[in-house]
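S.K.:
4 protein chains.
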Amino acid sequence: MNVRTPDPNPGWLSNEDLYEARRRLPMVYVEAIPVRLDPLGYVSEVGLLYTADETGNFRRTFVSGRVMYRETIRAALVRHMEKDLGPFAMPQLPASPVPFTVAEYFPSPSETGLTDDRQHAVALAYVIPVRGECSPRQDALELTWLTPQEALSAEVQGDLSGGRGNLIKQALAHMGWCE
Amino acid sequence: MNVRTPDPNPGWLSNEDLYEARRRLPMVYVEAIPVRLDPLGYVSEVGLLYTADETGNFRRTFVSGRVMYRETIRAALVRHMEKDLGPFAMPQLPASPVPFTVAEYFPSPSETGLTDDRQHAVALAYVIPVRGECSPRQDALELTWLTPQEALSAEVQGDLSGGRGNLIKQALAHMGWCE
Amino acid sequence: MNVRTPDPNPGWLSNEDLYEARRRLPMVYVEAIPVRLDPLGYVSEVGLLYTADETGNFRRTFVSGRVMYRETIRAALVRHMEKDLGPFAMPQLPASPVPFTVAEYFPSPSETGLTDDRQHAVALAYVIPVRGECSPRQDALELTWLTPQEALSAEVQGDLSGGRGNLIKQALAHMGWCE
Amino acid sequence: MNVRTPDPNPGWLSNEDLYEARRRLPMVYVEAIPVRLDPLGYVSEVGLLYTADETGNFRRTFVSGRVMYRETIRAALVRHMEKDLGPFAMPQLPASPVPFTVAEYFPSPSETGLTDDRQHAVALAYVIPVRGECSPRQDALELTWLTPQEALSAEVQGDLSGGRGNLIKQALAHMGWCE
Chain A
-14 MNVRTPDPNP GWLSNEDLYE ARRRLPMVYV EAIPVRLDPL GYVSEVGLLY
36 TADETGNFRR TFVSGRVMYR ETIRAALVRH MEKDLGPFAM PQLPASPVPF
86 TVAEYFPSPS ETGLTDDRQH AVALAYVIPV RGECSPRQDA LELTWLTPQE
136 ALSAEVQGDL SGGRGNLIKQ ALAHMGWCE
Chain B
-14 MNVRTPDPNP GWLSNEDLYE ARRRLPMVYV EAIPVRLDPL GYVSEVGLLY
36 TADETGNFRR TFVSGRVMYR ETIRAALVRH MEKDLGPFAM PQLPASPVPF
86 TVAEYFPSPS ETGLTDDRQH AVALAYVIPV RGECSPRQDA LELTWLTPQE
136 ALSAEVQGDL SGGRGNLIKQ ALAHMGWCE
Chain C
-14 MNVRTPDPNP GWLSNEDLYE ARRRLPMVYV EAIPVRLDPL GYVSEVGLLY
36 TADETGNFRR TFVSGRVMYR ETIRAALVRH MEKDLGPFAM PQLPASPVPF
86 TVAEYFPSPS ETGLTDDRQH AVALAYVIPV RGECSPRQDA LELTWLTPQE
136 ALSAEVQGDL SGGRGNLIKQ ALAHMGWCE
Chain D
-14 MNVRTPDPNP GWLSNEDLYE ARRRLPMVYV EAIPVRLDPL GYVSEVGLLY
36 TADETGNFRR TFVSGRVMYR ETIRAALVRH MEKDLGPFAM PQLPASPVPF
86 TVAEYFPSPS ETGLTDDRQH AVALAYVIPV RGECSPRQDA LELTWLTPQE
136 ALSAEVQGDL SGGRGNLIKQ ALAHMGWCE
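Protein chains in written order, with the numbering used here: chain A, -14 to 164; chain B, -14 to 164; chain C, -14 to 164; chain D, -14 to 164.
1. Excluding five sequence neighbours on each side, which residues of the same chain lie with their C-beta closer than 8 Å to the C-beta of Pro114 (chain C)?
2. So Ile58 (chain D) packs on Glu89 (chain A), CB below 8 Å; how close in whole Å?
3. Can you give, in chain order, each stretch of the alpha helix (DSSP H) that sits fully within the stretch 19 to 96 of chain D and has at least 4 residues?
4. Pull up the distance between the alpha-carbon of Pro133 (chain D) and that of Val28 (chain D), whole angstroms please.
5. How far does the beta strand (DSSP E) with Glu127 (chain A) in it reach, from first residue to last?
6. Here's the rule: buried if 16 or more other CB atoms are within 10 angstroms of the residue's CB, otherwise exposed. What is Asp102 (chain D)?
7. Please classify Arg116 (chain C) as buried or exposed, where buried requires at least 16 other C-beta atoms within 10 Å of its C-beta.
8. When burial is assigned at 16 or more other CB atoms within 10 Å of the CB, is Ala156 (chain D) buried or exposed?
9. Which stretch, first to last residue, makes up the beta strand (DSSP E) that contains Val107 (chain B)?
10. DSSP three-state call for Leu157 (chain B): helix, strand or coil?
11. If you measure between the beta carbons of Gly142 (chain A) and Gly148 (chain A), is that distance less than 8 Å?
12. What is the residue span of the alpha helix (DSSP H) that Asp144 (chain D) lies within?
13. Hey, does Tyr54 (chain C) have any beta-carbon neighbour from chain B nearer than 8 Å?
14. According to DSSP, what are the bridge partners of Glu16 (chain B)?
15. Going by C-alpha to C-alpha distance, which of A:Asp69, A:Leu131 and A:Glu56 sits closest to Val31 (chain A)?
16. Can you tell me the Cα-Cα spacing of Arg(-11) (chain A) and Leu137 (chain B), whole angstroms?
17. Considering only their Cβ atoms, is the gap separating Asp69 (chain A) from Pro121 (chain A) smaller than 8 Å?
18. Check whether the Cβ atoms of Val83 (chain A) and Thr97 (chain D) sit closer than 8 Å, and answer yes or no.
19. To the nearest angstrom, how far is it from the Cα of Val73 (chain C) to the Cα of Glu67 (chain C)?
20. Straight-line CA distance for Asp(-8) (chain D) to Val52 (chain A)?
21. Flag Gln155 (chain D) as yes if its beta-carbon sits less than 8 Å from any beta-carbon of chain B, otherwise no.
22. Any idea if Gly41 (chain B) is buried or exposed, counting beta-carbon neighbours within 10 angstroms, 16 or more meaning buried?
23. With 8 Å as the C-beta to C-beta threshold (strictly closer), list the residues of the stretch 72 to 90 of chain A near chain D in chain order.
24. What do you get for Pro11 (chain A), buried or exposed, if any count of 16 or more other CB atoms within 10 angstroms of its CB means buried?
25. To the nearest angstrom, how far is it from the Cα of Arg9 (chain D) to the Cα of Ser146 (chain A)?
26. Alpha helix (DSSP H) containing Glu5 (chain B): first to last residue?
27. Taking only the alpha-carbon atoms, compute the straight-line gap between Leu34 (chain B) and Asp144 (chain B) and give it to the nearest angstrom.
28. Of all Cβ atoms in chain B, is any one closer than 8 Å to the Cβ of Thr97 (chain D)?
29. Taking the alpha-carbon of Leu62 (chain A) as reference, which of A:Ala6, A:Asp2, A:Ala139 and A:Val15 has the nearest alpha-carbon?
30. Answer yes or no: do Ala158 (chain D) and Ala17 (chain B) have a C-beta to C-beta separation smaller than 8 Å?
31. Below 7 Å on C-beta distance, what does His159 (chain A) contact in chain B?
32. Does chain D have any CB closer than 8 Å to the CB of Tyr27 (chain B)?
33. Leaving out five residues before and five after Arg106 (chain D) in sequence, what residues of the same chain have Cβ atoms less than 6 Å from its Cβ?
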């Protein structure tokens, strides 16, 4: 961010600058929980990514990513859904821009219960119905479809770090799901 | 409703009893505003029914109807969508049971601004994306797809009675639509 | 509902007629979960009524009641809050009419997981912050303020019948509460 | 953001760095529309700030401001409410973190219809009931309380720049307000 000469890529941020920005500014994120719905709209399955973190531990996580400069939230959602679920997932983007919750991740413990070592992130979290075939790309090892009961099980909750297990609970509650 | 002998159709209500109930109890309704969304989820069109009222005047109205005894809201939505849009509309029922608004119709003017001569109705109103082909059935003459601008025009607003024009505004606001 | 002569109380329903209507029509209900919020809006306590059911068993329950003919949802909420919490509770009615969930109670088990022996009830459920003093009236023995942790404990969940324990979870999820 | 030596104010951003960041990253904002509610929760008045922009033109605007590094959304809302309405406004922060809409401001025209010359801002917009006395501070000349009708008038809408007039419409629609 120390370039003052005309910049050919004004929205571009070097890795170093992004590292610094993450220590000074909240980052805007989107998070998506892909779901399979039955014809009446009841949730039948929740999609979680199975991945390895920096230390080689296996972790479950959400479709998630940064909103870029000049990118709309909807465009960011589509981009990250396609990145993580492949081009044939056929997601149904929501008609309303209102998320089911706003997840605030902090680099140290806070009242929100959500943590992210790297940054302060404000994530708009959406439930996204998908109708097509999902093929995880990039660094995700697998996309697993879980029943709501499985998603709330102690085992799966234990695989979700940074407080994300609670977000699954919030998403299912938002959908009116009953144990 | 004065039958005390075993009743072969316990959820059934004669026309006369329904007429009476409508003067004594609020009725539960669902209302659906079918929409066409672009791939990013932005609303491109709103579907309104074009029909004739009891006095022969042409009116625009919503997909709307009563929730029956022992029927879920979701089942009522599917039933009324199919009744009014035909079997190939491919509606995407919402993942969440929370309506975008609760519309309270009263037989005389009230603070809600919504009126219905026949009854006091509490209508749960949903925006329902549809992907398929719609063919109005029953008493509807036509299903018209309007752009948001057209739906907000004075002409169309004037064709919506009982305060329903305001519900269109609320639905578009809920979708974040900007003039 | 068998009166056809002009009726001095057109919105009035005899106990017998109400009994019959409850077997033929869904009833409109409101449910309120009173909460204490800290200055930032985080929930600190949830109010539950402690009462005895018909069989003399102690039960926890919500502020809840029927919406009368020609009564607005807001008026019903105020009436039932005052009936159950007394006149000095100082409830903050919500600016928006949208409930945090719609609870569908059926006389027999269904996909909603909520049951009510007496009727099919469609309940609009709201979280209502209260600032004043609460004194339970009528048939409630006690109003208990519980922390979110206590409200989610197995013991309290076991005292909530008809699936209402799940509604507490949904209310806390709606408020973004984290375990 | 070019400091690599240990930093005494790790969340602090110089004006120059903030200027640069605003050209590279979306900024997280909160926006609040203070409202007066009647005892039933119906909106009676909407509060708008009357201020002068850089060019000396009078403008109406919202309570609005940046979310700082490591600051929660709720803390940012309280801080900006107090900054703009004074310490005695007695705002009722919402029980739920879900905004009524997410407003995306871009430095050039986009599908969101909202613009901000300085930056790409993602603003979480809340309706905040206030019960106390409001005294605008800082650079605001005045806080005006308007009826919903006045807030929707062509004159007031014309005083709201960057597409903010539409946000008032969305806020009133969210509250179920009827013309």
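Even glycine gets a Cβ: it sits at the ideal position worked out from N, Cα and C.
M.R.: Walking through what the data contain:
1. Your numbering for residue 114 (chain C) matches position 129 in the third sequence. Excluding positions up to five away in sequence, the list reads Pro19, Val20, Arg21, Leu22, Pro76 and Gln77.
2. Here residue 58 (chain D) refers to the residue found at position 73 when the fourth sequence is read from its first residue. Here residue 89 (chain A) refers to the residue found at position 104 when the first sequence is read from its first residue. Their Cβ separation, rounded to whole angstroms, is 6 Å, which keeps Ile58 (chain D) and Glu89 (chain A) in contact under 8 Å.
3. Correct list: 58 to 70.
4. Counting from one through the fourth sequence, the residue named residue 133 (chain D) turns up at place 148. Counting from one through the fourth sequence, the residue named residue 28 (chain D) turns up at place 43. Distance between the alpha carbons of Pro133 (chain D) and Val28 (chain D): 8 Å.
5. The residue you call residue 127 (chain A) lines up with position 142 of the first sequence. Glu127 (chain A) -> beta strand (DSSP E) spans Glu127 to Leu131.
6. In the fourth sequence, residue 102 (chain D) corresponds to position 117, counting from 1. With fewer than 16 Cβ atoms within 10 Å of its Cβ, Asp102 (chain D) is classed as exposed.
7. To locate residue 116 (chain C), count along the third sequence from 1; it is residue 131. With fewer than 16 Cβ atoms within 10 Å of its Cβ, Arg116 (chain C) is classed as exposed.
8. Within the fourth sequence, residue 156 (chain D) is the residue found at index 171, counting from 1. Of the other Cβ atoms in all chains shown, 16 or more fall within 10 Å of the Cβ of Ala156 (chain D); this residue is therefore buried.
9. Along the second sequence, read from residue 1 onward, the residue named residue 107 (chain B) stands at position 122. Taken as a continuous stretch (DSSP letters only), the beta strand (DSSP E) holding Val107 (chain B) covers Ala106 to Pro114.
10. By 1-based counting over the second sequence, the position of residue 157 (chain B) is 172. DSSP, read as helix, strand or coil, puts Leu157 (chain B) in helix.
11. Working through the first sequence from its first residue, we reach residue 142 (chain A) at position 157. Working through the first sequence from its first residue, we reach residue 148 (chain A) at position 163. Here the sequence assigns Gln to residue 142 (chain A), which means Gly is not the residue at that position. In this structure, Gly148 (chain A) does not lie closer than 8 Å to Gln142 (chain A) by Cβ.
12. Residue mapping note: residue 144 (chain D) aligns to position 159 of the fourth sequence, counting from 1. Note, Asp144 (chain D): alpha helix (DSSP H), Ala139 to Asp144.
13. Counting from 1 along the third sequence, the entry for residue 54 (chain C) is found at position 69. With 8 Å as the cut-off, Tyr54 (chain C) counts as an interface residue toward chain B.
14. For the purposes of this step, residue 16 (chain B) is taken as the residue at position 31 of the second sequence. Answer is B:Ser49 and B:Ala110, bridged to Glu16 (chain B).
15. As a first step, residue 31 (chain A) must be located in the first sequence, where it is residue number 46. Val31 (chain A) has its Cα closest to that of A:Leu131, out of A:Asp69, A:Leu131 and A:Glu56.
16. Residue -11 (chain A) sits at position 4 when you count from the first residue of the first sequence. Residue 137 (chain B) sits at position 152 when you count from the first residue of the second sequence. No answer about Arg(-11) (chain A) holds up, because its pLDDT of 44 lies below 50 and its placement is not dependable.
17. Within the first sequence, residue 121 (chain A) is the residue found at index 136, counting from 1. Within the first sequence, residue 69 (chain A) is the residue found at index 84, counting from 1. Result yes, Cβ atoms of Pro121 (chain A) and Asp69 (chain A) sit closer than 8 Å.
18. Residue numbering aside, residue 83 (chain A) sits at position 98 when the first sequence is read from its first letter. Residue numbering aside, residue 97 (chain D) sits at position 112 when the fourth sequence is read from its first letter. Against a cut-off of 8 Å, the Cβ pair of Thr97 (chain D) and Val83 (chain A) comes out as no contact.
19. Along the third sequence, read from residue 1 onward, the residue named residue 73 (chain C) stands at position 88. Along the third sequence, read from residue 1 onward, the residue named residue 67 (chain C) stands at position 82. Going by the sequence as given, residue 73 (chain C) is Phe instead of Val. For Phe73 (chain C) and Glu67 (chain C), the distance between alpha carbons rounds to 8 Å.
20. Along the fourth sequence, one-based indexing puts residue -8 (chain D) at 7. Along the first sequence, one-based indexing puts residue 52 (chain A) at 67. Reliability of the predicted coordinates at Asp(-8) (chain D) is poor, the pLDDT of 47 falling under 50, and the value obtained from them is presented with this limitation in mind. In a straight line, the C-alpha of Asp(-8) (chain D) is about 27 Å away from that of Val52 (chain A).
21. Taking the first residue of the fourth sequence as position 1, residue 155 (chain D) is located at position 170. At a cut-off of 8 Å, the C-beta of Gln155 (chain D) has a neighbouring C-beta in chain B.
22. Numbered from its first residue, the second sequence carries residue 41 (chain B) at position 56. Counting Cβ neighbours within 10 Å, Gly41 (chain B) comes out exposed, since fewer than 16 surround it.
23. Pro82, Val83, Pro84, Phe85, Thr86, Val87 and Glu89
24. As a first step, residue 11 (chain A) is located in the first sequence; it is residue number 26 there, counting from the start. Classification of Pro11 (chain A): buried, given that the 10 Å Cβ count is 16 or more.
25. Numbered from its first residue, the fourth sequence carries residue 9 (chain D) at position 24. Numbered from its first residue, the first sequence carries residue 146 (chain A) at position 161. Each residue's Cα considered, the two are about 29 Å apart.
26. Here the question's residue 5 (chain B) lines up with position 20 in the second sequence. Per DSSP, Glu5 (chain B) belongs to the alpha helix (DSSP H) from Asn0 to Ala6.
27. In the second sequence, counting from the first residue as 1, residue 34 (chain B) sits at position 49. In the second sequence, counting from the first residue as 1, residue 144 (chain B) sits at position 159. Distance between the alpha carbons of Leu34 (chain B) and Asp144 (chain B): 11 Å.
28. Within the fourth sequence, numbered from 1, the residue matching residue 97 (chain D) stands at position 112. Closer than 8 Å: yes.
29. Position 77 of the first sequence holds residue 62 (chain A). Leu62 (chain A) has its Cα closest to that of A:Val15, out of A:Ala6, A:Asp2, A:Ala139 and A:Val15.
30. Working through the fourth sequence from its first residue, we reach residue 158 (chain D) at position 173. Working through the second sequence from its first residue, we reach residue 17 (chain B) at position 32. For Ala158 (chain D) and Ala17 (chain B), no; Cβs fall outside 8 Å.
31. By 1-based counting over the first sequence, the position of residue 159 (chain A) is 174. Going along chain B in sequence order, the residues near His159 (chain A) (Cβ under 7 Å) are Ser81.
32. Stepping through the second sequence from its first residue, residue 27 (chain B) is reached at position 42. True, the Cβ-Cβ gap to chain D drops below 8 Å.
33. Residue 106 (chain D) sits at position 121 when you count from the first residue of the fourth sequence. The amino acid at residue 106 (chain D) is misidentified as Arg; the sequence shows Ala. Within the same chain, Ala106 (chain D) has close Cβ partners Met12, Tyr14 and Tyr90.
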